[in-house]
Amino acid sequence: MNDVKVLVLTGYGLNCDHETAYAFELAGAVATRVHINSLIDGSQTLSDYHILVFGGGFSWGDDHGAGVVQAVRLKTHIGSTLKDFINKGNLILGICNGFQTLVNMGLLPGFDGDYQTRRVALTYNDCGNFRDDWVTLKVNSKCPCVFTKGMDILEYPIRHGEGKFYAEPKEIETLVSNNQVAIRYAMADGTRAMGKFPENPNGSVDDIAGICDSTGRVFGLMPHPEAFNHPTNHPTWTRTCDQARRMGEDATTRAQDTLGIRLFRNGVDYIRNRGL
Amino acid sequence: MLKRLEIRLKPQLNDAEGEGLRKKAKAYFGMVIDEVRTIHIVTLDADLSDEQLMTIQRELFTNPVTQESSFEPLDTDFDWCLWVGFRPGVRDNPGSTAVEAIEDILGQKFKSHEAVYTSKRYCITGKNLTEKDAHTLAGELLANDIIQQWKVFSRESWDPLTGVGFNVSKVLLDHSPTVSTIPVESDEGLRKISFERSLALNAKDIPVIRGYFCRDEVLSERARVGLTDPTDVELEYISQSRSDHCNHNTFQGIFRYTDIETGQVVIEDNLFKTYIKEPTLLLKDRKDWVVSVLWDNAGIGRFDDENNYVITGETHNSPSNMEAYGGAITGIVGVYRDPLGTGLGSRLVMGSYGFCVADRDYDGELKPRLHPRRLLDGVIEGVKDGGNKSGIPTPFGQIYFDKGYLGKSLVFVTALGIMPAKVKGKPSHEKKTSPGDLIIMCGGRVGKDGIHGVTASSEVFSEHTPAGHVQIGDPYTQKKMHDFILEARDEGLIEFITDNGGGGLSSSIGESAEISNGCHVQLDKVPLKYDGLDQWEIWISESQERMTVVVRPCHLDRFMALSGKHAVESSVIGEYTDSGKLHISYHGKTCAYVNMDLLSEGFPQWEFEARWQTPEMRGLVEPVLGEPENYNDLLLDLMDRPNMCSKEWVIRQYDHEVQGSSVIKPLVGKERDVTSDASVIKPVLGSEKGLAFSQALLPSYSAIDAYHMTACTIDEAVRRLISVGADPEQIGGVDNFCWPDIQYHPVNNPDGMFKAAQLVRSCRALKDMCMAYEIPLLSGKDSMYVDGHLKGRYGQTQKVSARETMQFSASAVVKDINACVTMDAKMEGDLIYLIGETSDHLGASEYYEHLGCTGANVPCVKASHYMPRYRALARAMEKGLVASAHGVYRGGLAVHLALVSMAGCLGMTVDLSQVIWEGHEDKLRNDRILFSETPGRLIVTVPPEHKSVFEKLFSGMALKMIGQVRSSLDPLLITGMNGKQCVLLLPGDLKKSWKKRFGDVI
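The listed protein sequences correspond, in order, to chains A and B.
1089 is the number of the first residue of the first sequence in the numbering used here; add one for each residue after it.
127 is the number of the first residue of the second sequence in the numbering used here; add one for each residue after it.
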């Protein structure tokens, strides 16, 4: 079989699993939604997959810090399996709650192959509330991140109450100097948001919206690329569609991936090029 | 062993929660606070070793990057420290997830007496704060004494060693469950007991109930199972089933309707049957997309060949008025169980909200339990947590302010789901219970919460309303159950499913057992939160997040295995029979044994006297107003009015695009900040079909005539759908009535007969509109008694009744989402059309309200004229001729032109002399054209090259080009009848005015 296989975690209040699996399917993979307990009890085996996704949403109600309880449960039960999975050259993607889980497990930032230590955090938004809005993101072209390769400016929605990226200055410096910051909140033209609200929607230090480990194969981000799986997901699509129509273009052409699907396709292509 | 862990953010980190409290204290009470730091407290009542405690402190409760924690009180500076925790028995969601997490990490289960309790303390610095201020903050902002308790510490009274002490809100009921019997010797005696036990039995039902229990054959049957007089379990069952909430006695009642002007009397027997059921059944036959209506938890319509969608609406008013957050979260999480319990179960795809509250800045002398501002904050937050944590998008909602809601505020919640048309080859909308099928309760456990919630919502709100029915919904537990049930459904394990909402097991099992004609329930098998509940309490408790699922014995093992995988508790609590009896036992002893058909025993209909007085008879006339001179300021002020202005602050708190299905968002336009007419989602991700949804709410027109209120509301909801590109042939509706008490009483409800007449008229409009627009009612709900008795300045109470309110929700399939249209002007040079004629319809308009008038000329719908133009517009959109479309709603033409202009960030020129005026020429005046609220109108912008094709589609209809879209530098320029400039405002200035009221609210 030449399928790139993706495992999307579900259960314990997680959401976004359906659309994340769908987005990976659009990107050419075979995606399966797997309950956390099926992975723990062995009825599903992680090594049968190439990409593991910690999706967005709330896990365990996020009552004790977003992603904390999920991180503990996975670390306790399948911590070593996860390490093997990474070391075999597979990919891990954490979106929103999944990103929060990855940093709480210590899989990110994963300095020097240390996939245990919590060094960075995603904490309460400075604006003081949950916020749903689309943001512009600037990709760091020097970053080894597999998922953002070849991309420059992205637009995705953010939907979180705890998305402020925070770490001690020395950790931020290391992240920056290692080029592990994959994407940053930006102004519409792609210049840095410099902490400006609402372009930087949560007060993230250094406008950081997503980071990867030093291999570029473990990636976490707060925005939701899976929620841009169709052109009509974009907040001003009726305006661009109207313009296209006036130019005589077929406004309903669906030949191109959305910016959301491109991110997933990067991951799928990476696995395919690497060899299954 | 008790241990208390205190957790705080590191001092260099911004404490957003504390900062929020600081800002609110300033805005609401003018208090000057320097800083607030929040400390989270986890109190562990469990036998754990020091090593275990350190593990959970380190791994679970302390983020090393952002937090610090200690088992001793943390030393955080303050002038006042406020501790807030839950009262015993109140759902502590963080406490229970903490237990799950601790069990997981330590690999050991908590014992039954062990638990975790969460609370918070707020360390407040502010030199001028008094003790009274501290109590105000605690009582008015942080805690609600119904569900929470608090303590105030000053710097002096704080003991750094003991801190807040140990606060364990454990429920201890020193009580052995007892079934008591109730003598039925006399009507009077039973009435007395009904009152004492808060049974809320209707006086007229009492002889029927007595008649049944005194019948010889009933007595002898009961004797065989060891019963004599009715038990409390039985009477509670009857009371729940007969409550207005469950049985809709008002809508099924007899109304004697007198038109005082003509003297004509009409007997209206069963409003539900005449005005809701009959038209819907007629339309079901005409519309083949209607799959299932009028019986299940929600209505079902066809989405596409493989999928059906499900829709229903609810209100959660009474609990939200007691505890805003708890009431609202319970309401939204509760309505989500309806689609989950419809057919064989549907997946939730969206929710919406509607809040009706009194003025946010109310400073009058009446004292509602919660100030409107606090109530609004609470319900907004409740729906936020309920929707967001369920992973269900909330892409539509409305907030409406009116002083009438000071007595009782309204919380509307609506839910939509989607399900495969077939499950294992069988239609998913059909289900039944059969003898031998097992009754399984899934999800949460049963406690004392919610007892008598149903009967409380059937009563006028007063200081005696029992607080026990206030609960806090738990979206986490329900989300697990939701995922579990859908997997069980797809495996074909479910025969029948329904939710446990109002009335608890009593309703869900009582109603589902009618299908098999009997059941036997063993109450001792129901898992409880704590011991000591009486049998009747188990039977009617409304503890949340529970479904009743019916499974064949052969599927039980697989069902339970799936339940285990999803970490959901499921228990077999009985089975269906065909005995004709509702049979309930507890540890083998029968505690209820009544005929299944007891409820069709011939209970009397409720009766109402309804008297209609025309607006003229009530003295309503048009105000005498000269034409305004300064239209610019007038328009800016209208844009700023609470019911007109931007609600972006609420909309962005709600996740409106989870599930990746968002097509038309609640905020649209160039700057993505102007409110959309309707929302569209794509519930089946791979499909290019969509589902459009809108709601309308126009209670102000009830000041003149609830018939027109209802007609206009429905027309608005439909126009909203049409504006985004919905198919006019597939519109379904959900009516949601919230009415003040209509039972006349010379002292307590002297205008009850008028309100009853308003209800009859509203129902007539509902039917007229549904037939004219061909809208089957997929679901509906009624909440009566929207009244409150509030204490005033001198200790007197004053009754405050809401305006007669009907929220109408409309849904429709969108054939191709790529043809959807938004309301923002798109391009300079586009032609601006106004569809529809404008009349002198200023009665109860926003304009009149702004000037303090009511008037008499209420807007009237001409449905037969409107539907053809809506169809024409739908065709124009299909052909791609339309750049933008927006209905003219409350506020009138000026306000809605401004919105189109603002949303597109483009100027416009409009000539009022081009507007089609219907009515006397001598009434023609700029302000009437600009602010009339005539329904049936839409503003459409069209690229000039489509002019002739577009106009041809509307031939013979009221359509007029009234202006043109200008550039981004141009103003909105409206020229009056006399050719002189009337309004000249930049879109940016209009937007500023529209946003300023709530612009800095977070």
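The beta-carbon is built from N, C-alpha and C at its ideal position, and this holds for glycine as well.
Remember, predicted model here, so these are calculated numbers, not experimental data.
- Neighbourhood of ALA1255 of chain A in chain B, by CB distance below 8 Å: VAL191, in chain order.
- Taking a cut-off of 8 Å on C-beta distances, the region 858-871 of chain B does not touch the region 953-971 of chain B, as fewer than three cross pairs fall below it.
- For CYS482 of chain B, the enclosing beta strand (DSSP E) stretches over residues 473-483.
- In the pairwise beta carbon analysis, the region 791-806 of chain B is classified as touching the region 846-853 of chain B: at least three pairs are separated by under 8 Å.
- For ARG845 of chain B, DSSP assigns no beta-bridge partner whatsoever.
- Inclusion of MET1193 of chain A and GLY1251 of chain A in the CB contact set at 7 Å is not warranted, their separation being larger than that value.
- The residues LYS235 and PHE236, in chain order, have a CB closer than 8 Å to that of GLU229 of chain B in the same chain once the five nearest residues on each side in sequence are set aside.
- Against chain B, the CB of ARG1219 of chain A has a partner CB under 7 Å away; the residue lies at that interface.
- For GLY1363 of chain A, no chain B residue has a Cβ inside 7 Å of its Cβ, as the nearest lies near 30 Å away.
- Selection A:LYS1171, A:SER1168 and A:PHE1142 evaluated against GLN1158 of chain A yields A:PHE1142 as nearest (Cα-Cα).
- Within its own chain, no residue has a Cβ closer than 7 Å to the Cβ of GLY1167 of chain A once the five positions on either side in sequence are excluded.
- It is roughly 36 Å from the alpha-carbon of THR520 of chain B to the alpha-carbon of ARG1054 of chain B.
- Our two residues, SER312 of chain B and CYS340 of chain B, have alpha carbons roughly 11 Å apart in a direct line.
- Only residues of its own chain outside the window of five on either side were considered, and among them VAL1036, CYS1108 and VAL1109 have a CB closer than 6 Å to the CB of ILE1100 of chain B, listed in chain order.
- Below the 9 Å Cβ cutoff, chain B contributes LYS691 as neighbours of SER1126 of chain A, in chain order.
- At a cut-off of 7 Å, the C-beta of ILE943 of chain B has a neighbouring C-beta in chain A.
- A residue is called buried when at least 16 other Cβ atoms come within 10 angstroms of its Cβ; ARG134 of chain B meets this threshold and is buried.
- In the DSSP assignment, MET879 of chain B falls within the alpha helix (DSSP H) that extends over 878-899.
- Taking 7 Å as the Cβ-Cβ cut-off, the region 603-614 of chain B approaches chain A at LYS605, LYS606 and ASP609, given in chain order.
- Put simply, the backbone Cα of CYS249 of chain B is about 11 Å away from that of ASP160 of chain B.
- Remark: C-beta atoms of THR1211 of chain A and TYR1254 of chain A approach each other more closely than 7 Å.
- The beta carbons of LEU823 of chain B and ILE437 of chain B sit no closer together than 7 Å.
- A straight-line Cα-Cα distance of about 37 Å links PRO754 of chain B and ALA1002 of chain B.
- HIS1022 of chain B is outside the set of residues whose beta carbon lies under 7 Å from a beta carbon in chain A.
- Between the beta-carbon of GLU440 of chain B and that of GLY425 of chain B there is about 13 Å, and that puts the pair past the 8 Å contact cut.
- With respect to chain A, the C-beta atom of ASP781 of chain B has a partner C-beta closer than 7 Å.
- Judged by pairs of C-beta atoms under 8 Å, the region 891-899 of chain B does not touch the region 491-500 of chain B, as fewer than three such pairs exist.
- The region 1184-1202 of chain A and the region 1291-1308 of chain A touch, with three or more beta-carbon pairs separated by less than 8 Å.
- Under the Cβ distance rule, ALA1009 of chain B counts among the residues neighbouring chain A, one pair being separated by less than 7 Å.
- GLY569 of chain B and ARG473 of chain B have their C-alpha atoms some 16 Å from each other.
- Spatial neighbours of PRO1232 of chain A in its own chain (CB-CB distance under 6 Å, excluding positions within 5 residues in sequence) are listed in chain order as GLY1304.
- For PHE187 of chain B, the neighbours in chain A by C-beta distance under 7 Å run, in chain order, HIS1152.
- According to the DSSP secondary-structure assignment, PHE381 of chain B is paired through a beta bridge with B:GLU394 and B:PHE734.
- By the Cβ neighbour-count rule, ILE393 of chain B is exposed, with fewer than 16 other Cβ atoms within 10 Å of its own.
- Here ARG929 of chain B carries a coil assignment [DSSP, helix/strand/coil].
- Proximity of the region 1169-1186 of chain A to the region 246-260 of chain B falls short of the contact definition, fewer than three beta-carbon pairs being nearer than 8 Å.
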